[in-house]
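Residue numbers (this note's numbering): 14 to 723.
Where is the CB? At the ideal position from N, CA and C, for every residue including glycine.
Take a look at the structure below.
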């Protein structure tokens, strides 16, 4: 068995840049996994994936030219079926052996073993290991079939097929070359109408030789760089671009740094094979336009890296990652500067035109923009958000906050009908803030117009002021209640209105700002704003939505390290003020660490089960009916402990409240050991049930402790 490194490369036309890294990793990963599964590669074989605009490749170490032979044991049939009474093979057994390439001479060597309740015959043989050519052919077909390609191209083969010009194959882009080298030997495999060889092609313009003839599998990366002028590794090329970007920024000086954008860096890495970073510039007059507009147009349309100064402000310099390295780069620089100028001029034009009308004058136009066919226009939505925001602000800050929040809610969507946001939807809210500042509005209102979309993603910051917080909460509640009310719920893989994200945003604002607002009341008041809308069901908009929000909260708490039992204990009572949840959870976690916790949780669960079967009970307890020493002791202990625990609960010290209740462990244990709850005498039974009901209520004010029971 000869082991060596294996290289496989598909040379293709330019691949989709946003999918390149995923394609490269998938191609290499499936190849390696298939070879390992066939015994041709070791589990510890090192995989290196390569992906450039015109190639997908994989390098795998310790690959054998033939897999080891395997012992195979095949069940034939029960002994009673395969052998007659004299021990001779039956026709059924001989036929089965014939199908396996054996005859009657194999009968004495058959193995007998129990198979369930019956003894069976087993034929043991040795299966030849697959050759590398056989195994790689299978692995290559699998790797191509499993590429994560949303859409494939079909194209005709001109050579090497049965019907040139008519035979078609399908792949993400037309493939023009296949390399398969095991050490320095070509592995005879085929794919996409191509036969494997050792020739490939380098950079379209700057390769030193063409074709590049690969010496062996291990020389691939070096030869591609030296002979082909290509950095084949996606990661190496990405690192080189990042290095050149940083170095170019240093040459500009003034503390300049390229904008940090991992997605843009990945996309540019997928567009070039030999990166060359160049410094370009544009006229300073364009800096009068909000920098978010200029940055977005340079990134999205041109794939440029804007340069920021030491204070984070946009400069009039930007970096271009070119795929060519001419001796004189002035033509490349000039070309990119000419290309970007009209883009920046468009942004400046939109900005100047938009400022000719105030935001307030644009609100009426929202009545012509459809929000949802069942929920009306953006104008109608704005009216609902205004009323919701006013109600929340009245509770949180009175008339001044309500006035500012109402104004911000009215103007928050007005920038949707501006030219700038029409061209760049990503700037919604951001442009609204700039236009509000231009209109001379209060700073808190302007900031709220931008911030009402926050938090936009996990880890995003919350609105910077109370006005923004109120409008953001109102906006998200309106979306959630509206969509749930008409039955437009998210499914396992679809959430077009980002309802999960909105729910997490509501949770974060209520908790992190510790807002004194009840969840059910918020949903009820929001649902009241949808009166008269056909098909709107308040039960879905409140009950189902509350379950949805609490479920999102449960998932978030578990991600932060809380156990499922702790989360269930806190959320089972459906707490209304979510701002208290972190303190409740901390109290439960502290309680769970106490020695008495397990016994009290089990007792609480037992009490709950007893009370479920006694619907006639109430919490009244008569001391005259307390007969057993254990029930008297429990009642006396509760008289001391429960008032103290309740006072701590009312003061918001939930941890102390639960720790105080832990003192009831011994009297509770003694009660269940020495008292018959379901006494035959009705008044005694009801009195004891009342005692348990009082205990159950006291123990479950912070959380449902029975959920902690194992």
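Closest by CA to residue i, which one among the options?
i, options, result
"residue 233", "21, 417, 85", "21"
"residue 248", "217, 263, 287", "287"
"residue 189", "209, 33, 176, 138", "209"
"residue 655", "642, 646, 673", "673"
"residue 452", "441, 464, 473, 428", "428"
"residue 128", "689, 87, 408", "87"
"residue 478", "535, 459, 470", "459"
"residue 170", "164, 207, 493", "207"
"residue 83", "61, 97, 53", "53"
"residue 300", "38, 328, 37, 526", "328"
"residue 109", "58, 136, 130", "136"
"residue 548", "464, 417, 645, 501", "501"
"residue 305", "93, 111, 325, 491", "325"
"residue 641", "323, 667, 193, 701", "701"
"residue 439", "386, 711, 492, 308", "308"
"residue 545", "560, 495, 535", "495"
"residue 343", "357, 368, 292, 320", "292"
"residue 423", "394, 152, 153, 310", "394"
"residue 50", "149, 119, 39", "149"
"residue 563", "623, 586, 447, 24", "586"
"residue 492", "480, 450, 214, 558", "558"
Reducing DSSP to helix, strand and coil, say where residue i ends up.
i, result
"residue 395", "helix"
"residue 715", "coil"
"residue 504", "coil"
"residue 467", "coil"
"residue 226", "strand"
"residue 167", "strand"
"residue 128", "strand"
"residue 137", "strand"
"residue 24", "strand"
"residue 383", "strand"
"residue 734", "A query on residue 734 cannot be resolved here, the shown segment of the chain reaching from 14 to 723 and no further."
"residue 34", "helix"
"residue 595", "helix"
"residue 419", "helix"
"residue 16", "strand"
"residue 194", "strand"
Classify residue i as buried or exposed, calling it buried when 16 or more other Cβ atoms lie within 10 Å of its own Cβ.
i, result
"residue 349", "buried"
"residue 45", "buried"
"residue 706", "buried"
"residue 139", "exposed"
"residue 670", "buried"
"residue 653", "exposed"
"residue 351", "exposed"
"residue 113", "exposed"
"residue 246", "buried"
"residue 218", "exposed"
"residue 649", "exposed"
"residue 250", "buried"
"residue 463", "buried"
"residue 235", "exposed"
"residue 59", "exposed"
"residue 383", "exposed"
"residue 636", "exposed"
"residue 332", "buried"
"residue 509", "exposed"
Quick one: is residue i near chain B, going by C-beta distance under 8 Å?
i, result
"residue 448", "The structure shown has no chain B; it contains just one protein chain."
Is there contact here, the region 28-38 with the region 60-67, by at least three beta-carbon pairs under 8 Å?
Verdict: yes, contact present.
Whether or not the region 223-235 and the region 257-276 are in contact is what I'm after, with contact meaning three or more pairs of Cβ atoms, one per stretch, closer than 8 Å; do they touch?
At 8 Å Cβ cutoff, the stretches do not touch.
Could you name each continuous beta strand (DSSP E) segment of 3 residues or more that falls completely within the region 61-91, going from the start of the chain to the end?
Those beta strand (DSSP E) runs which fall completely within the region 61-91 and span 3+ residues are 68-77, 83-91.
Counting pairs of beta carbons, one from the region 141-151 and one from the region 71-91, are three or more of them closer than 8 Å?
Touching, yes.
Specify whether the region 430-443 and the region 515-528 touch according to this definition: at least 3 beta carbon pairs, one from each stretch, less than 8 Å apart.
No: the two stretches stay apart, fewer than three of their Cβ pairs being nearer than 8 Å.
The region 369-379 in contact with the region 390-410 per 3-pair CB rule at 8 Å:
Result yes; three or more Cβ-Cβ pairs closer than 8 Å.
With a cut-off of 8 Å, do at least 3 Cβ pairs link the region 234-254 to the region 262-269?
The region 234-254 vs the region 262-269: no contact.
For a minimum of 4 consecutive residues, which ranges assigned as the alpha helix (DSSP H) are wholly contained in the region 636-674?
With a minimum length of 4 residues, the continuous alpha helix (DSSP H) runs that stay inside the region 636-674 are 642-663, 667-674.
Which parts of the region 501-589 are runs of the alpha helix (DSSP H), unbroken and 4 residues or longer, counting only runs that do not cross its ends?
Whole alpha helix (DSSP H) segments, 4+ residues: 512-525, 532-540, 558-572, 577-584.
Specify whether the region 525-534 and the region 584-604 touch according to this definition: at least 3 beta carbon pairs, one from each stretch, less than 8 Å apart.
Per the Cβ contact rule, the region 525-534 is in contact with the region 584-604 (3 or more Cβ pairs under 8 Å).
For a minimum of 4 consecutive residues, which ranges assigned as the alpha helix (DSSP H) are wholly contained in the region 264-351?
Those alpha helix (DSSP H) runs which fall completely within the region 264-351 and span 4+ residues are 275-282, 304-315.
Give the list of continuous alpha helix (DSSP H) stretches no shorter than 4 residues that lie fully inside the region 197-244.
Fully enclosed alpha helix (DSSP H) runs of 4 or longer: 233-239.
Per the contact definition of three or more C-beta pairs closer than 8 Å, is the region 570-579 in contact with the region 599-606?
The region 599-606 vs the region 570-579: in contact.
Unbroken alpha helix (DSSP H) runs of length 4 or more, entirely within the region 427-486: which are they?
Counting whole runs of 4 or more residues, the region 427-486 contains the alpha helix (DSSP H) stretches 432-436, 443-451, 456-464.
Under 8 Å, with one C-beta from each stretch per pair, do the region 193-206 and the region 269-277 reach the 3-pair mark?
Contact between the region 193-206 and the region 269-277 is not established, with fewer than three Cβ pairs separated by less than 8 Å.
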